[in-house]
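This report concerns only the one structure given below.
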Amino acid sequence: MSELRVVFLGTSAGRPTPRRSVSAVYLQFGADSVLFDCGEGTQLQVLKAGVRISNLKAICITHFHGDHINGLPGFLGTVGLNGHRDRMVLAAPRGMDRYLAVLRELSILNPSFELDLVQNSVGMVYANEDYTIETTKLDHRVPAYGFIFRERDLVGRFDLQKAMEMGIEPGPVFGRLQRGETITLEDGRQVRPEDVLGPTRKGRSVAYITDTRPSATVVEAVAGVDILIHEATYLSGLRDQAMARKHSTVSEAAMVAREAGVKQLILTHISPKHTSGRDILREAKAIFPESYLAEDFSEFVLPVPE
């Protein structure tokens, strides 16, 4: 089974600080990887984190503010110089085609691999046999989209003892049953997958939500996810600024997590005004106890479902 790992490459809002780079989150699922946002300096943060980008499947850009996209030209150049040649999905709001055209015209960027551009509307932006990535609309000053990574549901665990008791010999037939095939034994008996497999296991899920005011749309889209990554730009004392700039406070992010029934909340996109992680966590945990504060290079791993 594939490991699902989330690594924070940048966690600051608006501009980098000595402790925090700007927005970028790396998700690894088995051999595949996905990048959410690509703020200035992301290519350097990738090197520092030691994460693998050789099998990068998609880059998902939430919106066109600089702290979420200014690192993209350099990052794509680095990916190409590293020998990447496979097609890659680039999901972003409308206008990304014009942005890329200018970069190419000025010879700033000429990728050595094909980019499958998905200019977002709400819906699926990437899918394969193992997982999907879908979008949800955010409430920000410019068009913005959040992303939800969902592992497809897993087959139930194989009951080896029961299979042996039914006279099924170890070998390729085990794999056929796990793939959902009904088999026929030498004595003519048929064995269905459900005879030797436990209940279907729900796949893991990670939502990336930044920058936005809290909304019922987001609550519905991220309901029940394993990890909710949500912006928490300001402490609640600066709620007026959050409202004016279309951001969320720490308390508001925690309330979204509570209303959506998620398992874990990870706070990111922290204003440089706030240097005390203790204050941020205190405010969040008072509303949603399973709250965590991301620092640059923080890692979170979701185990394989039981």
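Here the sequence shown is numbered in this note's numbering, starting from -1 and rising by one per residue.
Cβ coordinates follow ideal geometry from the N, Cα and C atoms, glycine included.
**Message:** If contacts are defined as beta-carbon pairs under 8 Å, then ASP95 and GLN117 qualify, I think. What distance do you get, rounded to the angstrom?
**Reply:** By 1-based counting over the sequence shown, the position of residue 95 is 97. By 1-based counting over the sequence shown, the position of residue 117 is 119. With 8 Å as the limit, ASP95 and GLN117 qualify as a contact, their Cβ atoms being about 7 Å apart.
**Message:** Whether or not the segment 106 to 115 and the segment 136 to 152 are in contact is what I'm after, with contact meaning three or more pairs of Cβ atoms, one per stretch, closer than 8 Å; do they touch?
**Reply:** no
**Prompt:** So, is ALA56 buried or exposed, given that buried needs 16 or more other C-beta atoms within 10 angstroms?
**Reply:** Position 58 of the sequence shown, counting from 1, holds the residue named residue 56. It counts as buried.
**Request:** Could you check how far apart the C-beta atoms of VAL49 and GLY37 are, in whole angstroms? I think they sit under 8 Å.
**Result:** Reading the sequence shown from its first residue, position 51 is the one you call residue 49. Reading the sequence shown from its first residue, position 39 is the one you call residue 37. So it is not a contact: roughly 16 Å between Cβ atoms.
**Message:** Do PRO270 and THR60 count as a contact pair if the criterion is CB distance below 9 Å?
**Reply:** The count along the sequence shown starts at 1 and reaches residue 60 at position 62. The count along the sequence shown starts at 1 and reaches residue 270 at position 272. In this structure, PRO270 does not lie closer than 9 Å to THR60 by Cβ.
**Request:** Would you tell me roughly how many angstroms separate the C-alpha atoms of LEU233 and GLY173, rounded to the nearest one?
**Result:** Here residue 233 refers to the residue found at position 235 of the sequence shown. Here residue 173 refers to the residue found at position 175 of the sequence shown. Distance between the alpha carbons of LEU233 and GLY173 is about 52 Å.
**Close Cβ partners of LYS46 (< 8 Å) along its chain, the five nearest in sequence each way excluded** = Residue numbering aside, residue 46 sits at position 48 when the sequence shown is read from its first letter. If we look at LYS46 and ignore the five residues flanking it on each side, its Cβ neighbours are PHE295.
**Message:** Between which residues of its own chain and ALA255 is the CB-CB distance below 6 Å, once the five residues before and five after are set aside?
**Reply:** By one-based count along the sequence shown, residue 255 stands at place 257. Result list for ALA255: LEU226, LEU263 and PHE286, in chain order.
**Message:** Less than 7 Å between C-beta atoms, sequence neighbours within five positions excluded: which residues of the same chain meet that for GLY72?
**Reply:** For the purposes of this step, residue 72 is taken as the residue at position 74 of the sequence shown. Closer than 7 Å at the Cβ level, and outside the excluded window around GLY72, lie GLN41.
**Straight-line Cα distance separating LEU183 from VAL44** = Counting from 1 along the sequence shown, the entry for residue 44 is found at position 46. Counting from 1 along the sequence shown, the entry for residue 183 is found at position 185. So the alpha carbons of these two residues sit roughly 52 Å apart.
**Request:** Per DSSP, which residues does ILE67 bridge with? Please list them.
**Result:** As a working note, residue 67 is residue 69 in the sequence shown. In the DSSP output, where bridge partners are listed per residue, ILE67 has none listed.
**Message:** Once DSSP output is grouped into helix, strand and coil, what is the label at GLU297?
**Reply:** The count along the sequence shown starts at 1 and reaches residue 297 at position 299. DSSP places GLU297 in strand when its eight states are reduced to three.
**Prompt:** Would PRO197 pass as a contact of GLY235 if the rule is Cβ separation under 9 Å?
**Reply:** Indexing the sequence shown from 1 puts residue 197 at position 199. Indexing the sequence shown from 1 puts residue 235 at position 237. Result no, Cβ atoms of PRO197 and GLY235 do not sit closer than 9 Å.
**Asked** Going by Cα to Cα distance, which pick from PRO212, GLY12, GLU257 and ARG83 is closest to ARG237?
**Response** Mapped onto the sequence shown, residue 237 falls at position 239. Taking only the C-alpha atoms, the option nearest ARG237 is PRO212.
**Asked** Is it right to say LEU74 is buried, meaning 16 or more other beta carbons lie within 10 angstroms of its own, or is it exposed?
**Response** Stepping through the sequence shown from its first residue, residue 74 is reached at position 76. Result: buried.
**Asked** Per DSSP, what kind of secondary structure is GLU281 in: helix, strand or coil?
**Response** As a working mapping, residue 281 is identified with position 283 in the sequence shown. In the structure shown, GLU281 sits in a helix (DSSP, three-state: H, G or I).
**Asked** Got a sec: does the ligand SAM put a non-hydrogen atom nearer than 8 Å to the Cβ of SER289?
**Response** The model depicted lacks the ligand SAM and carries no ligand whatsoever.
**Request:** Please list, in chain order, all residues of the same chain as TYR124 whose beta carbon is under 6 Å from its beta carbon, the five residues on each side excluded.
**Result:** Looking up residue 124 in the sequence shown gives position 126. Cβ within range, chain order: ALA56, VAL87 and ILE131.
**Asked** What are the start and end residues of the beta strand (DSSP E) that includes ARG306?
**Response** Absent from the model: residue 306. The displayed extent of the chain is -1 to 304, so no value can be given.
**Message:** Quick test of your reading: PHE27 and ALA292, contact by CB under 8 Å. State the CB separation rounded to the nearest angstrom.
**Reply:** If you number the sequence shown from 1, residue 27 lands on position 29. If you number the sequence shown from 1, residue 292 lands on position 294. With a Cβ gap of about 19 Å, PHE27 and ALA292 do not count as contacting.
**Closest residue to GLY39 among GLU288, ALA99, SER10 and ASP114 (Cα-Cα distance)** = For the purposes of this step, residue 39 is taken as the residue at position 41 of the sequence shown. Comparing Cα positions, the closest option is SER10.
**Item:** Length of the line joining the Cα atoms of ALA90 and GLY186
**Value:** Translated into the one-based positions of the sequence shown, residue 90 becomes position 92. Translated into the one-based positions of the sequence shown, residue 186 becomes position 188. Cα to Cα, ALA90 sits roughly 55 Å from GLY186.
**Message:** Assuming ASP238 is part of the alpha helix (DSSP H), what are its boundary residues?
**Reply:** In the sequence shown, counting from the first residue as 1, residue 238 sits at position 240. Unbroken alpha helix (DSSP H) run through ASP238: 237 to 242.
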